[in-house]
Amino acid sequence: MKRVLTLALIVFSGVGNANLIVTDTNNATDLTNMLLGSGISIVGTPTIIGNTDQSGTFIDGLTGGLGIDQGIVLTSGSAQTAASSNNSDGFSVTAGTGGNAILTAQTGSATFDQNVLSFDFMTTTDDLFFSYVFASEEYNEYVNSKFNDGFTLLLNGVNIAIAPDGLFVTINNVNCGNPYDEFHVTDNCSYFNNNDLNDGGPLFDIQYDGFTDVFTASALGLGASVHNMTFIIADTGDSSWDSAVFIEAGSFSAELCPGTNLPQPCGSTSIPEPSTIILFAAGVFCLGFTRRQMRS
């Protein structure tokens, strides 16, 4: 079986001048419906694991520097974390929703405070496109540590959240290094936005200490059957310091927007710079810090 995945990286630059607005909800149907773009139909009833304040919808993401303007947010803490400017180097809310076995296996460490949205769907073109941003308070001082917060975007059980070098999107795989690491090892630094209070930030009007550029995952040749999409995020290593995934409204689409060469799903509100578009292909099925002294 042919295995195809296209990952488009849309780079957004610029400092925000206002906070994005978040509305809490853990209604799985409402969250799913906000994602839907052209050519996608939901089968059955979406499900969610998480507290009411762990997830929500957001607007004005571009003004905050996020790179996408509106969509849904899933977090390992509180969705409202994204709505404030960065005034804490380690903002944290313990959700108490338990760990996730899939993400634990992916990261190799225990996980906590899971937030999971899952739904079945069909696509009219046999293809799928959607855009997302990963953000975390674990940046930058816990880069290359066991506190490797990440998430997984499971399409029919296979993670399609892939970084440019083919690794999964996590703290350790998309970063510009750890200021406490004498070797200052970085990975996919050109796709990372630093917002750390004690490492040159804040530069954006968002609480998280760092976040990725807009990643647009594409799966081709899915076939006409029913498929499953599951978004999972959780704290890794301990339940402290939160992470989030922002998924763009209307970008969960069966086609790219007509009349453009940019790899954007129809319904996307991203504002890409054409000179910074990069395409990446990979094979996939069907497709001073106080805390540093305290954690060990």
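Okay, so the sequence shown: first residue is 147 according to the working numbering, each after it adds one.
Glycine included, C-beta positions come from ideal geometry on N, C-alpha and C.
Owing to the predicted nature of the structure, the values given are computational and were not obtained by experimental measurement.
*Answer with buried or exposed for V239, where buried requires no fewer than 16 other C-beta atoms within 10 angstroms of its C-beta.*
Translated into positions along the sequence shown, residue 239 becomes position 93. Under this definition V239 is a buried residue.
_Tell me which residue opens and which closes the alpha helix (DSSP H) that N179 is part of._
Residue 179 sits at position 33 when you count from the first residue of the sequence shown. Note, N179: alpha helix (DSSP H), 174-181.
*Closest by C-alpha distance to F134, when choosing among S222, D384, M180*: The question about residue 134 has no answer here: the residues shown for the chain are numbered 147 through 442.
*What is the rounded straight-line gap between the Cα of A228 and the Cα of V331?*
As a first step, residue 228 must be located in the sequence shown, where it is residue number 82. As a first step, residue 331 must be located in the sequence shown, where it is residue number 185. About 27 angstroms.
*Between N319 and A309, which are expected to be in contact by the criterion C-beta below 8 angstroms, what is the C-beta distance as a whole number of angstroms?*
Indexing the sequence shown from 1 puts residue 319 at position 173. Indexing the sequence shown from 1 puts residue 309 at position 163. The Cβ separation is near 5 angstroms, so the contact holds.
*For the alpha helix (DSSP H) holding L249, just list the boundary residues, first then last.*
The residue given as residue 249 occupies position 103 in the sequence shown. Its alpha helix (DSSP H) spans residues 247-253.
*In three-state DSSP terms, what is S264?*
Reading the sequence shown from its first residue, position 118 is the one you call residue 264. Note: S264 maps to strand in three-state DSSP.
_Does the contact criterion of 3 or more C-beta pairs under 8 angstroms hold for the region 269-286 versus the region 383-398?_
yes
*When the Cα atoms are used, what is the spatial distance from S291 to V262?*
For the purposes of this step, residue 291 is identified with residue 145 of the sequence shown, where counting begins at 1. For the purposes of this step, residue 262 is identified with residue 116 of the sequence shown, where counting begins at 1. The straight-line gap from Cα to Cα measures roughly 24 angstroms.
*Taking only runs that begin and end inside the region 334-415, name each unbroken beta strand (DSSP E) of 3 or more residues, in chain order.*
338-340, 356-358, 360-365, 373-382, 389-394
*For D311, is the classification buried or exposed, using 16 other Cβ atoms within 10 angstroms of its Cβ as the cut-off for buried?*
Translated into the one-based positions of the sequence shown, residue 311 becomes position 165. The residue in question, D311, is exposed, as its Cβ has fewer than 16 Cβ neighbours within 10 Å.
*asked:* Taking 6 angstroms as the limit between beta carbons, can you name the residues of its chain near N172, skipping five residues before and five after?
replied: As a working mapping, residue 172 is identified with position 26 in the sequence shown. Hits under 6 angstroms: I194, G196, T198, S201.
*Since N321 sits in a beta bridge, which residues does DSSP pair it with?*
Position 175 of the sequence shown, counted from the first residue, corresponds to residue 321. Its beta-bridge partners are D333.
*Could you name the residues that DSSP lists as bridge partners for I194?*
One-based indexing of the sequence shown puts residue 194 at position 48. Answer by DSSP bridge pairing, in chain order: L263.
_To the nearest angstrom, how far is the alpha carbon of N246 from that of G356?_
Position 100 of the sequence shown, counting from 1, holds the residue named residue 246. Position 210 of the sequence shown, counting from 1, holds the residue named residue 356. Roughly 23 angstroms separates the two Cα atoms.
*Sorted by chain position, which residues of the same chain lie with C-beta nearer than 8 angstroms to D333's C-beta, five sequence neighbours on each side aside?*
Looking up residue 333 in the sequence shown gives position 187. Answer for D333: A309, D311, L313, N318, N319, V320, N321, listed in chain order.
_Suppose you measure from the CA of Y288 to the CA of D381; what does that come to, to the nearest Å?_
For the purposes of this step, residue 288 is identified with residue 142 of the sequence shown, where counting begins at 1. For the purposes of this step, residue 381 is identified with residue 235 of the sequence shown, where counting begins at 1. About 12 angstroms.
_Per-residue DSSP class, three states only, for A256_ = Counting from one through the sequence shown, the residue named residue 256 turns up at place 110. DSSP places A256 in coil when its eight states are reduced to three.
*asked:* Please classify G296 as buried or exposed, where buried requires at least 16 other C-beta atoms within 10 Å of its C-beta.
replied: Within the sequence shown, the letter at position 150 stands for residue 296. The residue in question, G296, is buried, as its Cβ has 16 or more Cβ neighbours within 10 Å.
*How would you write the range of the beta strand (DSSP E) that S201 sits in, first residue to last?*
Taking the sequence shown and counting its residues from 1, the one referred to as residue 201 is at position 55. It spans 201-205 - the beta strand (DSSP E) in which S201 sits, taken as one unbroken run.
*Test item: CB-CB of L166 and I379 under 8 angstroms*: Numbered from its first residue, the sequence shown carries residue 166 at position 20. Numbered from its first residue, the sequence shown carries residue 379 at position 233. Contact flag unset, no.
*Around the Cβ of V360, are there at least 16 other Cβ atoms within 10 angstroms (buried) or fewer (exposed)?*
Position 214 of the sequence shown holds residue 360. Buried: at least 16 other Cβ atoms inside 10 Å.
*Please report the residue range of the beta strand (DSSP E) in which V168 lies.*
Here residue 168 is taken as the residue at index 22 of the sequence shown, counted from 1. Looking at the DSSP string, the run of the beta strand (DSSP E) that includes V168 is 167-170.
*A281 bridges to which residues according to DSSP?*
One-based indexing of the sequence shown puts residue 281 at position 135. Partner(s): F357, A390.
*Leaving out the 5 sequence neighbours to the left and right, which residues in its chain are closer than 8 angstroms to V168 when beta-carbon positions are compared?*
Here residue 168 is taken as the residue at index 22 of the sequence shown, counted from 1. The answer, listed in chain order, is G202, T203, F204, V219, A225, Q226, A228, A229.
*Shortest alpha-carbon distance to D388 belongs to which of L182, E284, Y337?*
In the sequence shown, the residue the question calls residue 388 occupies position 242. Of L182, E284, Y337, the residue nearest in Cα terms is E284.
*N305: which of D345, Q252, S231 sits nearest, CA to CA?*
Here residue 305 corresponds to residue number 159 of the sequence shown, with the count starting at 1. For the residues D345, Q252, S231, the minimum Cα distance to N305 belongs to Q252.
*Taking C-alpha atoms, which residue in T376, S386, D384 lies nearest to N181?*
Here residue 181 is taken as the residue at index 35 of the sequence shown, counted from 1. Going by the sequence as given, residue 181 is Leu instead of Asn. For the residues T376, S386, D384, the minimum Cα distance to L181 belongs to T376.
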